[in-house]
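Asker: Using this note's numbering, the letters of the sequence shown correspond one by one to residues -15 to 365.
Glycine is no exception: its CB is placed at the ideal position from the N, C-alpha and C atoms.
One structure coming up, written as structure tokens, with questions to follow.
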Amino acid sequence: MDFELSEDLQMLQEAARDFADGELAPRAAENDATETFVAEQIALCAEMGFCGMAVPEAYGGSDLGALASSLVLMEINRACPSTGVTLSVHNSLACGSLIQFGTEEQKQRYLPKLASGEWLGAYALSEAESGSDAGSLRCKAAPDGNGGFVLNGSKLWLSHGDVSGYAVLFARTDPEGGQNGITAFSVETAWDGYNPGKHERKMGLRGSNTCEIHLADLKVPAENVLGEVNHGFKIALSLLDAGRIGIAAQAVGIAQACLDASVKYAKERYQFGRPIGAFGAIQEKIAEMATRTQAARLLTLHASWLKDEGRPHAREASMAKLASSTTANYCAKEAVQIHGGAGYTKDFPVERYFRDARVTEIYEGTTEIQRLVIAKSYLRD
Ligand code: COS
-15 MDFELSEDLQ MLQEAARDFA DGELAPRAAE NDATETFVAE QIALCAEMGF
35 CGMAVPEAYG GSDLGALASS LVLMEINRAC PSTGVTLSVH NSLACGSLIQ
85 FGTEEQKQRY LPKLASGEWL GAYALSEAES GSDAGSLRCK AAPDGNGGFV
135 LNGSKLWLSH GDVSGYAVLF ARTDPEGGQN GITAFSVETA WDGYNPGKHE
185 RKMGLRGSNT CEIHLADLKV PAENVLGEVN HGFKIALSLL DAGRIGIAAQ
235 AVGIAQACLD ASVKYAKERY QFGRPIGAFG AIQEKIAEMA TRTQAARLLT
285 LHASWLKDEG RPHAREASMA KLASSTTANY CAKEAVQIHG GAGYTKDFPV
335 ERYFRDARVT EIYEGTTEIQ RLVIAKSYLR D
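See below:
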């Protein structure tokens, strides 16, 4: 067992940290205030090679693997979680769908565009009546008679679904099949019938783009079926294993940002003639924040390592997401508390961290769903 990062990983981490501090952090508050999508930041990420972190070099990616990607995402999210979620969904869910389940033809057609950042990739699973109960989705895919399908229905909560070139989309091919009647599709968003709808106005991550998509007779040819027909539910869950590691890395980044801001403030803010960091009540908070953040980081890196080793990691991905997202929310609450009245204003970033942290316990599987996945994995064995 070796806890030291290799020299290459340390260099990558440092490069990501410098990039995040120099290019992302200075713009984060403005993007949040104006609800401006982080398109420019994503273009810069693409130049750094961060849009193809898991994509094999043969398809134009940097093939860094899960552990390296998590290290990068932690740094990016420490500076700008709106950029972070966009990159996480693009890399883990969209690129991941093709890497894991795409045909050679699909990989050649889409991965180079995604890896270079020319296209963003989205993930379309949730619907109005199907959130945690993903297996109950209703969006309909009817056979077109030539092996392809015609899709109708609506999808919700797509990160950057209206500015993406590619989406992995799940629809029902067997009305009676329950979880075993769902198929995954590789969809080009420029196709007729892929119609972006309402943009969500959100509490946090306001620099990320979240929208509805309406499918109106969207024709998907046979060669764009992803994996086997009626096997899409397991594809959705398997991709979410990777997605949850990405969100865990995001939450570690937010927790670290809360800790960093709190330590700085505790040294600078004087009360009763001393910096507030000299008081036990503040020290207790900082010790707890630091310990929980480090525990979340190690769980996230462990889950990432398992993925890189090609070993089962669904349980560990859920553990990492559970620990990291609850830690991010804990740290954000304590960071605001340490900042006192100042923390409740937009003069300090902790107010934004508090809002950004909230969704990490909700999307890509709520905290309750992570506990369910973890508990089931023990009880089943
Ligand atoms: N990867 C691949 N297959 C998996 C899997 C995984 N991580 N987890 C479960 N499966 C398989 C199981 O092996 C089972 O297959 P068999 O029927 O062949 O045995 C099947 O999928 C169903 O699994 P399970 O019985 O555990 O499903 P449940 O309906 O009990 O639970 C939950 C499914 C609730 C865990 C799932 O629907 C879920 O994660 N929901 C949250 C969805 C989500 O995160 N939405 C957010 C989207 S992004 S905003």
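Flag Asp2 as yes when its Cβ comes closer than 7 angstroms to any non-hydrogen atom of ligand 1, and as no otherwise.
Answerer: no
Asker: How should Leu55 be labelled, buried or exposed, when 16 other C-beta atoms within 10 angstroms of its C-beta is the threshold for buried?
Answerer: buried
Asker: Following a CB-centred definition, is Gln278 positioned closer than 7 angstroms to any heavy atom of ligand 1?
Answerer: no
Asker: Pick helix, strand or coil for Lys218, following the three-state DSSP scheme.
Answerer: helix
Asker: Asn61 to Leu82, Cα distance in whole Å?
Answerer: 25 angstroms
Asker: Report the residue from Tyr249, Arg93 and Asp128 whose alpha carbon sits nearest the alpha carbon of Ala326.
Answerer: Tyr249
Asker: Return yes when at least one heavy atom of ligand 1 lies under 7 angstroms from the C-beta of Leu363, else no.
Answerer: No; taking the cut-off as 7 angstroms, the Cβ of Leu363 has no heavy atom of ligand 1 nearer than that.
Asker: Would you list the one or two residues that DSSP bridges to Ile353?
Answerer: Under DSSP, Ile353 forms no beta bridge with any residue.
Asker: Going by beta-carbon coordinates alone, are Asp146 and Asn214 separated by less than 8 angstroms?
Answerer: For the 8 angstroms CB-CB criterion, Asp146 and Asn214 do not form a contact.
Asker: Looking at the structure shown, is Ser342 part of a helix, part of a strand, or coil, going by DSSP?
Answerer: Ser is not the amino acid found at residue 342; the sequence shown has Arg there. Reduced to three states, the DSSP call for Arg342 is helix.
Asker: Flag this pair as yes or no: are the beta carbons of Ser369 and Ala235 separated by less than 8 angstroms?
Answerer: Nothing about residue 369 can be reported from this structure: the residues present for the chain run from -15 to 365 only.
Asker: How is the beta strand (DSSP E) around Ser170 delimited, first residue to last?
Answerer: Ile166 to Glu172 is the extent of the beta strand (DSSP E) around Ser170.
Asker: Buried or exposed: where does Arg185 fall if 16 or more other Cβ atoms within 10 Å of its Cβ makes it buried?
Answerer: exposed
Asker: Under three-state DSSP, which class holds Asp201?
Answerer: strand
Asker: Under the assumption that Ser76 contacts Gly36 (Cβ atoms under 8 angstroms), give the Cβ distance between them as a whole number of angstroms.
Answerer: Actually they do not touch by this definition, with Cβ atoms about 12 angstroms apart.
Asker: Under the three-state reduction of DSSP, which class applies to Phe133: helix, strand or coil?
Answerer: Reduced to three states, the DSSP call for Phe133 is strand.
Asker: So Arg342 packs on Gly191, CB below 8 angstroms; how close in whole Å?
Answerer: At roughly 15 angstroms, the Cβ-Cβ gap does not stay under 8 angstroms, so Arg342 and Gly191 are not in contact.
Asker: Shorter than 7 angstroms, the distance from the beta carbon of Val152 to the closest heavy atom of ligand 1, or not?
Answerer: no
Asker: With the cut-off set at 8 angstroms, would you say Gly177 and Ile197 are in Cβ contact?
Answerer: no
Asker: Using DSSP with H/G/I as helix, E/B as strand and the rest coil, what is Leu224?
Answerer: The answer is helix: DSSP assigns Leu224 an H, G or I state.
Asker: Bridge partners of Tyr178, per DSSP?
Answerer: Partner(s): Leu199.
Asker: Give the straight-line distance between the Cα atoms of Ala174 and Met32, rounded to the nearest whole angstrom.
Answerer: CA-CA distance, Ala174 to Met32, rounds to 27 angstroms.
Asker: Suppose the cutoff is 7 angstroms on Cβ atoms and the five residues either side in sequence are ignored; what does the same chain contact list for Leu224 look like?
Answerer: Answer for Leu224: Glu348 and Gly349, listed in chain order.
Asker: Judging by CA-CA distance, which residue of Ile346, Thr87 and Leu202 is the nearest neighbour of Thr211?
Answerer: The sequence as given places Gly at residue 211; Thr does not occur at that position. Nearest of Ile346, Thr87 and Leu202 to Gly211, Cα basis: Thr87.
Asker: Please look up how many angstroms separate the CB atoms of Pro65 and Asp340, rounded, as I've assumed it's under 8 angstroms.
Answerer: 4 angstroms
Asker: Could you check which residue in Lys330, Glu300, Gly324 and Cys315 has the C-alpha nearest to that of Tyr362?
Answerer: Glu300
Asker: My understanding is that Lys269 touches Glu335, with C-beta atoms under 8 angstroms, so please give their C-beta distance in whole angstroms.
Answerer: No, Lys269 and Glu335 are not in contact; Cβ-Cβ is about 17 angstroms, not under 8 angstroms.
Asker: If Leu98 and Cys79 are in contact, beta carbons under 8 angstroms, what's the gap, nearest whole angstrom?
Answerer: 5 angstroms
Asker: Is any non-hydrogen atom of ligand 1 found closer than 7 angstroms to the C-beta of Asp340, if you look at the structure I gave you?
Answerer: Asp340 has its CB no nearer than 7 angstroms to any heavy atom of ligand 1.
Asker: Thinking C-alpha only, which one of Pro259, Gly261, Gln255 and Cys242 is nearest Arg276?
Answerer: Cys242
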